[in-house]
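Protein chains: 2
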Amino acid sequence: MARKEFQIFDEFIEKKGLRHTPQRGTILAVFLDTEKHVSADELYKLVRKKDPAIGYTTVYRTMKLLSASGLCGETEFGDGVLRFEHKYGHEHHDHLICIKCGKFTEVTDSGLERIQENMVKSHGFKSLKHKLEIFGICRNC
Amino acid sequence: MARKEFQIFDEFIEKKGLRHTPQRGTILAVFLDTEKHVSADELYKLVRKKDPAIGYTTVYRTMKLLSASGLCGETEFGDGVLRFEHKYGHEHHDHLICIKCGKFTEVTDSGLERIQENMVKSHGFKSLKHKLEIFGICRNC
DNA sequence: AGTATTATTGAAATCGCTTTTCAATAAGGG
DNA sequence: CCCTTATTGAAAAGCGATTTCAATAATACT
Numbered sequence: 000m001a002r003k004e005f006q007i008f009d010e011f012i013e014k015k016g017l018r019h020t021p022q023r024g025t026i027l028a029v030f031l032d033t034e035k036h037v038s039a040d041e042l043y044k045l046v047r048k049k050d051p052a053i054g055y056t057t058v059y060r061t062m063k064l065l066s067a068s069g070l071c072g073e074t075e076f077g078d079g080v081l082r083f084e085h086k087y088g089h090e091h092h093d094h095l096i097c098i099k100c101g102k103f104t105e106v107t108d109s110g111l112e113r114i115q116e117n118m119v120k121s122h123g124f125k126s127l128k129h130k131l132e133i134f135g136i137c138r139n140c
Numbered sequence: 000m001a002r003k004e005f006q007i008f009d010e011f012i013e014k015k016g017l018r019h020t021p022q023r024g025t026i027l028a029v030f031l032d033t034e035k036h037v038s039a040d041e042l043y044k045l046v047r048k049k050d051p052a053i054g055y056t057t058v059y060r061t062m063k064l065l066s067a068s069g070l071c072g073e074t075e076f077g078d079g080v081l082r083f084e085h086k087y088g089h090e091h092h093d094h095l096i097c098i099k100c101g102k103f104t105e106v107t108d109s110g111l112e113r114i115q116e117n118m119v120k121s122h123g124f125k126s127l128k129h130k131l132e133i134f135g136i137c138r139n140c
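Protein chains in written order, with numbering that gives the first Met the number 0: chain A, 0 to 140; chain B, 0 to 140.
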């Protein structure tokens, strides 16, 4: 199932006249193996386990490429740390964030989206993207 | 109308055993005169016009006090800059952010809030606060 | 295959904003 | 009018994101 993502990345690399490198391959593989919402630093630590020679900078830059290619999305939950989440095959979603255990849950609600869209329109606004984060306590906490 | 805010701040200062200073008075006055969503730096520049001797640090620390006293809220729109907004007399609201002119609009929709709350509950979540930001193009742009 | 070109890499430096440190100053209680 | 202690402001430190730069390696072209 990860094959499709590699193909997308390959095409992106070629379209942009960039180059294939083992580092990029490793980083993409680690990212795909990962649960959602990793920071660059968390990812760097995971990548090091597979190849200790890969530097933080390369991880960081590769994630920017993945963002540009549409494979990952960047999101920030107010703690000053940018996190990356899987985007391929994931529709738009909101986030429930447990302030106790730190767990992120993705949720989708088409009714909510529709009402939001109406509200926005009634303000003469044309919405391009939005971000809803709900902080609270999850079922287990 | 701003009188009430000064009173709240006075009470906060006294309850905490802190001290009244001319700097704090000036900073609060400037903040209240301000449109919503100012960064510490923007506020510092405004404060300097009234009293060039006041330092950035004092502005920054006073804003933290205003936050603690409930007079202002802190919010961050993903550009890495913390902004302060009026909170006294302002009910919860969401933000429409124009990506062309940078204007922030506050909106409230009770229907939206209700649906959100239902959605959250259906996930066994207890919500404490939430943040909805909608990025797009405003009527004038 | 060999070589020239140029993207990529990784360490270190830098950036931008937030937060803390510290010595000097000033608020306010006695 | 002191004395205690919070406050101030400049400068430093923190901290994550981003850039720089010399060395390296991936591709295109012989």
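Heads up, the beta-carbon is just placed ideally off N, CA and C, and yes, glycines get one too. Owing to the predicted nature of the structure, the values given are computational and were not obtained by experimental measurement.
query: Are the CB atoms of Val106 (chain B) and Met118 (chain A) nearer to each other than 8 angstroms?; result: yes
query: Taking DSSP as the reference, what is the three-state secondary structure of Leu70 (chain B)?; result: coil
query: Would you say Leu27 (chain A) and Phe8 (chain A) are within 8 angstroms of each other, going by their C-beta atoms?; result: yes
query: Is the CB of Ser109 (chain A) under 8 angstroms away from at least one CB in chain B?; result: no
query: For Val119 (chain A), return the contacting residues in chain B, with the cut-off set at a CB-CB distance below 9 angstroms.; result: Leu95, Val106, Ile133, Gly135
query: Do the region 123–136 of chain A and the region 128–138 of chain B meet, that is, are 3 or more Cβ pairs less than 8 angstroms apart?; result: yes
query: Out of A:Cys100, A:Gln115, A:Arg138, A:Arg82, state which residue places its alpha-carbon closest to the alpha-carbon of Val37 (chain A).; result: A:Arg82
query: Measuring alpha carbon to alpha carbon, tell me which of B:His91, B:Cys140, B:Val46 ends up nearest Lys99 (chain B).; result: B:Cys140
query: Does Arg113 (chain A) pass the burial test, meaning 16 or more other C-beta atoms within 10 Å, or should it be called exposed?; result: exposed
query: Counting only the same chain and skipping the five closest in sequence on each side, list residues whose C-beta sits under 6 angstroms from that of Leu42 (chain A).; result: Val58
query: What would DSSP say about Leu112 (chain B), mapped onto helix, strand or coil?; result: Before going on, a small fix: residue 112 (chain B) reads as Glu here, not Leu. Of the three classes helix, strand and coil, the one that applies to Glu112 (chain B) here is helix, per DSSP.
query: Is the region 43–55 of chain B close to the region 63–70 of chain B, with three or more CB pairs under 8 angstroms?; result: no
query: Specify the secondary structure class of Thr56 (chain A) as computed by DSSP and reduced to three states.; result: helix
query: Where DSSP assigns a beta bridge to Glu34 (chain B), which residues make up the other side?; result: For Glu34 (chain B), which the question treats as bridged, DSSP gives no partner whatsoever.
query: For Glu48 (chain B), report the span of its alpha helix (DSSP H) as first-last.; result: A quick correction: the sequence has Lys, not Glu, at residue 48 (chain B). Its alpha helix (DSSP H) spans residues 39–49.
query: Using a threshold of 8 angstroms, state whether the C-beta atoms of Cys71 (chain A) and Phe103 (chain A) are closer than that.; result: no
query: Which two residues bound the contiguous alpha helix (DSSP H) that contains Arg2 (chain B)?; result: 2–14
query: So what's Ser126 (chain B) in DSSP terms, helix, strand or just coil?; result: strand
query: Can a CB atom of chain B be found closer than 8 angstroms to the CB of His129 (chain A)?; result: yes
query: Which one or two residues does DSSP pair with Phe76 (chain B) in a beta bridge?; result: Paired residue(s): none; Phe76 (chain B) is not in a bridge.
query: Determine the DSSP secondary structure at Leu65 (chain A), reduced to helix, strand or coil.; result: helix
query: Please say whether Thr33 (chain B) and Leu17 (chain B) have beta carbons closer to each other than 8 angstroms?; result: no
query: For a contact defined as C-beta to C-beta under 7 angstroms, what are the partners of His122 (chain A) on chain B?; result: Leu95, Thr104, Val106
query: Taking the alpha-carbon of Asp108 (chain A) as reference, which of A:Arg60, A:Glu4, A:His92, A:Ser121 has the nearest alpha-carbon?; result: A:His92
query: With a threshold of 6 angstroms on Cβ separation, who are the neighbours of Ile53 (chain B) within its own chain once the five nearest residues in sequence on each side are excluded?; result: Gln22, Val46
query: Return the first residue and the last residue of the beta strand (DSSP E) that Arg82 (chain B) is part of.; result: 81–85
query: Going by DSSP, what residues sit across from His92 (chain A) in a beta bridge?; result: Answer is none; His92 (chain A) lacks a bridge partner.
query: Roughly how many angstroms lie between the CA atoms of Thr74 (chain B) and His122 (chain B), to the nearest whole one?; result: 26 angstroms
query: For Lys63 (chain A), decide whether its Cβ has a neighbour in chain B, counting only Cβ atoms nearer than 8 angstroms.; result: no
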